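With my numbering applied, the sequence shown covers 34 to 576.
Glycine residues also receive a C-beta, built at the ideal position from the N, C-alpha and C atoms.
Predicted, not measured: the structure shown is a model, and the values here were computed from it.
Below is one structure; the comments refer to it alone.
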Amino acid sequence: MLLGFAVATAAAHTPAQAQAQTPPPAPHIIVAISVDQFSADLFAEYRAMFKSGLRRLETGIVFPAGYQSHAATETCPGHSTILTGSHPARTGIIANEWYDQSLERPDKKVYCAEDPSVPGSSSTNYTVSAHFLKAQTLGDRMKAMDPRSRVVSVAGKDRAAIMMGGHSIDEVWFWSGKSYVTLKGDARPTPGIVDAVNATVAAEMKKPELPALPDACRIRSTPVPVGNKTVGVLRARDADDWTGFRRSLAFDRATTDIAIGLIRDLRLGSRGVPDLIAIGLSATDYVGHTFGTEGAEMCTQLLGVDENVGRILAALDATHEPYVVVLTADHGGHDLPERLRIHGMPDAARVDAALLPNEMSRQLAAEFKLPEPVLLAVAPFGDIYLAKGIPDALRARVLAAAQARYLAEPQVAAVFTAAELRRLPPASTPVDDWSLAERFRASFDPGRSGDLFVASKPHVTPIIDVSTYVATHGSPWNYDRRVPILFYGQGLGSFEQPLPVETVDILPTLAALIHLPIPAAEIDGRCLDLGGGGSDTCKPSPK
Ligand SMILES: [Zn+2]
């Protein structure tokens, strides 16, 4: 009855209005692209320079203030939100690594995209798996609706491929140090494109590579001293420098080549059911960590991302199937303090050694005459665990003492306990107004999270040794939370919405386009209407 009424009303409109109400064609291919560490700040800074794929995506729908809403702004939690519609509190992916003191392994640490029950695996030599992901991804839901839907996930990082792909991926490929690989135990033949890309990379790595400085990046090419090296200007990658490969243009190019090859060879979109491909371009994150975000390196890298996105769009055009693309990031980022200070941020600093977990642990051990370690933590900030061996009678006092010691440090903004977060109701204000506690609440899982949560003050970089990485992300501050969210597809609107939306909104938004019902109680996000004044893409349309 309701549908009949809607149709009758539409027919009463002028032809132009009726035309505008035509729903967009349901996409045959859904493409989710994550650019690791592509902050909203980088998007704003560089968007005028994009000429290829990112330029084209900007003609669609631009949410320049998307939010990875939670406090633990790391790769694994961030990727877990993009296609599940859920914050890490619900996906269970609270960090890249966390502690499980019930495990037999000596370091008691788990990696977010591993299955620790596989014999012989450890937190560093892990077996890649979606074991810890508690939520269903878009791909999982599409396959549950129609098993003919293909789900493909390709990324530089295994955790990006797994968290976007989910539990039932048909083809999953990620970089494993010297080649692209899939899950252990998959005995199917390797697709030709993967073999071809691996062979090309192996040949390229025998030679050094000197990246060309694009003219547009010249103005950012200024050396900045940090430790006993400088960043800010392009440098050659040596032959056989496999770590250098990950921060070179060749890395994302190789990932893109595989994605394009699989779109073509698997004939995605051609079987009358929607297919999904998730693509994780990971090099931007390694560039940000190694060189910071404001030098010639990041400028050159982002122009490379623009080109790779352009190549992906061209491959999609060549299928002649309707498609929709969403592009976003797993977290934002922050420049190195040395350059922040000369760029007008005098408070930028590296973390004080007193905040290193071992140092805090040592102080507490002395105070309570306990064996070390008293505290277990991956980093100075974020989740801090009390050691399992501390006697029950002492735990509350040790916890209070640890909280007081952290709060006494000038670089600490706030410290929360697990009990405080457990009591906190989910946030109900717009995401840019969330309190610090609400941000931590969104990446809190009572079964996995720490006992204490430490938030740094803004502009504190938790890296002291700058020999490998000089800059990072992971804080609850907006420079690490804000990411662009771009939608592009046939029949969708064209607008920019500067008000905040969340990456957890992506799943319900895409699901609505393919008429895939998502029970609201199962997710944290909401559908974003992409019609732009035409049909409401969040409302079920008459078939
Ligand atoms: Zn990172």
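Our contact map puts residue i next to residue j with C-beta atoms below 8 angstroms; I'd like the distance itself, whole angstroms only.
i           : j           : result
residue 418 : residue 487 : The Cβ separation is near 12 angstroms, so there is no contact.
residue 260 : residue 504 : Going by Cβ atoms, the distance from residue 260 to residue 504 rounds to 12 angstroms, so no, they are not a contact pair.
residue 357 : residue 549 : Actually they do not touch by this definition, with Cβ atoms about 13 angstroms apart.
residue 385 : residue 442 : 7 angstroms
residue 267 : residue 329 : 5 angstroms
residue 69  : residue 317 : 5 angstroms
residue 483 : residue 451 : 7 angstroms
residue 97  : residue 71  : That belief does not hold up - the Cβ atoms of residue 97 and residue 71 are roughly 12 angstroms apart, past 8 angstroms.
residue 298 : residue 225 : 7 angstroms
According to DSSP, what are the bridge partners of residue i?
i           : result
residue 206 : 187
residue 494 : 383
residue 131 : 143
residue 33  : No information on residue 33 is available, as it lies outside the stretch 34 to 576 that the chain covers here.
residue 165 : Its beta-bridge partners do not exist; DSSP assigns none.
residue 65  : 311, 359
residue 263 : 258
residue 534 : 99
residue 242 : 270
Considering only residues of the same chain and omitting the five flanking positions on each side of residue i, which have a CB-CB separation below 6 angstroms?
i           : result
residue 130 : 142, 144, 411
residue 475 : 102, 103, 120, 122
residue 148 : 160, 162, 164
residue 348 : 293, 296
residue 319 : 279, 280
residue 229 : none
residue 205 : 186, 194, 198, 215
residue 82  : 249
residue 464 : 100, 102, 533, 535
residue 449 : 470, 473, 486
residue 35  : Caution is warranted here: a pLDDT of 38 is assigned to residue 35, below 50, making its placement in the model unreliable, and the coordinate value is therefore given only provisionally. Cβ within range, chain order: n/a, list empty.
residue 447 : 469, 488
residue 490 : 444, 446
residue 332 : 250, 253
residue 352 : 302
Keeping to the same chain, check which residues put their C-beta closer than 7 angstroms to that of residue i; ignore five residues upstream and five downstream.
i           : result
residue 27  : Given a span of 34 to 576 for the chain in the structure shown, any question on residue 27 remains unanswerable.
residue 557 : 118, 119, 120, 123, 537
residue 175 : 182, 184, 307, 309, 549
residue 395 : 405
residue 84  : 339
residue 373 : 381, 492
residue 110 : 103, 121, 126, 127, 128, 476
residue 132 : 141, 142, 409, 418
residue 563 : 94, 520, 525, 526, 542, 570
residue 428 : 419
residue 243 : 269
Roughly how many angstroms lie between the CA atoms of residue i and residue j, to the nearest whole one?
i           : j           : result
residue 290 : residue 342 : 11 angstroms
residue 280 : residue 238 : 13 angstroms
residue 528 : residue 151 : 48 angstroms
residue 461 : residue 227 : 45 angstroms
residue 182 : residue 309 : 8 angstroms
residue 125 : residue 166 : 6 angstroms
residue 270 : residue 539 : 37 angstroms
residue 379 : residue 424 : 44 angstroms
residue 273 : residue 257 : 26 angstroms
residue 192 : residue 100 : 20 angstroms
residue 285 : residue 543 : 25 angstroms
residue 367 : residue 198 : 27 angstroms
residue 20  : residue 73  : Any property of residue 20 remains undetermined from this structure, which presents the chain solely from 34 to 576.
residue 479 : residue 518 : 30 angstroms
residue 432 : residue 322 : 32 angstroms
residue 336 : residue 241 : 21 angstroms
residue 311 : residue 434 : 45 angstroms
residue 570 : residue 521 : 13 angstroms
residue 106 : residue 506 : 7 angstroms
residue 88  : residue 262 : 35 angstroms
residue 202 : residue 301 : 14 angstroms
residue 360 : residue 171 : 15 angstroms
residue 559 : residue 551 : 10 angstroms
residue 39  : residue 567 : A caution first: residue 39 carries a pLDDT of 38, below 50, which makes its placement in the model unreliable, though a value can still be read off. Spanning the two alpha carbons is a distance of roughly 14 angstroms.
residue 93  : residue 387 : 48 angstroms
residue 398 : residue 288 : 47 angstroms
residue 178 : residue 561 : 22 angstroms
residue 573 : residue 314 : 33 angstroms
residue 157 : residue 334 : 28 angstroms
Sorted by chain position, which residues of the same chain lie with C-beta nearer than 8 angstroms to residue i's C-beta, five sequence neighbours on each side aside?
i           : result
residue 59  : 307, 355, 546, 547, 548
residue 457 : 470, 471, 474
Practice problem: Could you pull out every unbroken alpha helix (DSSP H) segment of at least 4 residues lying fully inside the segment 303-378, listed in chain order? | Solution: 316-324, 329-352, 370-375
Practice problem: With a floor of 4 residues, list each alpha helix (DSSP H) that falls wholly inside the segment 429-502, ordered by position along the chain. | Solution: 451-456, 469-474
Practice problem: List in chain order: all unbroken beta strand (DSSP E) runs of 3+ residues lying wholly within the segment 77-119. | Solution: 94-100
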